[in-house]
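For the sequence shown, the positions run 567 to 681 when the numbering used here is used. Where a beta carbon is used, it is the ideal one built from N, C-alpha and C, also for glycine. A quick write-up on the structure given underneath.
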Amino acid sequence: MQRILTALGQVFRQSILVVGLISLLSLSNIFIFASQPAYAASQLAAQEVDSTSGNNAAIELREESYEEAAEQARDPQKQDEIYQESVKATNQSNPGLIEGAKELVEKVIGNDDSK
């Protein structure tokens, strides 16, 4: 009977110790993460100051390129020119790709002369 009571007492002490340690760890985590939103807000404010003071030229360049792309999208002739330039660039980077695709299309359609 004496052994059983000492074993139960030891288990009870160990469980109280484990619960206490877990609660201390949880409590310390709460205090560690409490200051991070304030730090993030200060970093965000610093980035906004940097972006507005030093990147005006980059912002203007981006807006100009957007306007140019929007204008090209409205003009069908410009779209055709852009497409032809894209085809030329593809031919230069992968010679024979367009011809191979044309042959495959002809085979699928049934206009193949080699039959």
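What separation, rounded to the nearest whole angstrom, lies between the Cα atoms of Gly676 and Glu651?
Along the sequence shown, read from residue 1 onward, the residue named residue 676 stands at position 110. Along the sequence shown, read from residue 1 onward, the residue named residue 651 stands at position 85. The alpha-carbon atoms of Gly676 and Glu651 are separated by roughly 29 Å.
N- and C-terminal bounds of the alpha helix (DSSP H) containing Pro642
Here residue 642 corresponds to residue number 76 of the sequence shown, with the count starting at 1. Element bounds for Pro642: 642-659.
Other residues of its chain near Ser589: CB distance less than 8 Å, five sequence neighbours each side excluded
Taking the first residue of the sequence shown as 1, we reach residue 589 at position 23. Excluding sequence neighbours, Ser589 sits near nothing in its chain.
When DSSP labels each residue in this structure, what does Gly528 get in the three-state scheme?
Within the shown structure, residues of the chain are numbered from 567 to 681, placing residue 528 beyond reach of any answer.
In whole angstroms, what is the alpha-carbon distance linking Leu583 and Ile625?
For the purposes of this step, residue 583 is taken as residue 17 along the sequence shown, with counting starting at 1. For the purposes of this step, residue 625 is taken as residue 59 along the sequence shown, with counting starting at 1. If I take the Cα positions, the gap works out to 59 Å.
Minimum Cβ-Cβ distance from Asp646 to chain B less than 9 Å:
Looking for chain B here will not work: only one protein chain is present.
In chain order, what residues of the same chain lie with their CB nearer than 6 Å to the CB of Gly666, ignoring the 5 residues before and after it?
The count along the sequence shown starts at 1 and reaches residue 666 at position 100. Once the five neighbours on either side are set aside, Gly666 has no close Cβ partner at all.
Can you give me the C-alpha to C-alpha distance between Pro642 and Ile648, rounded to a whole angstrom?
Counting from one through the sequence shown, the residue named residue 642 turns up at place 76. Counting from one through the sequence shown, the residue named residue 648 turns up at place 82. One C-alpha to the other measures close to 10 Å.
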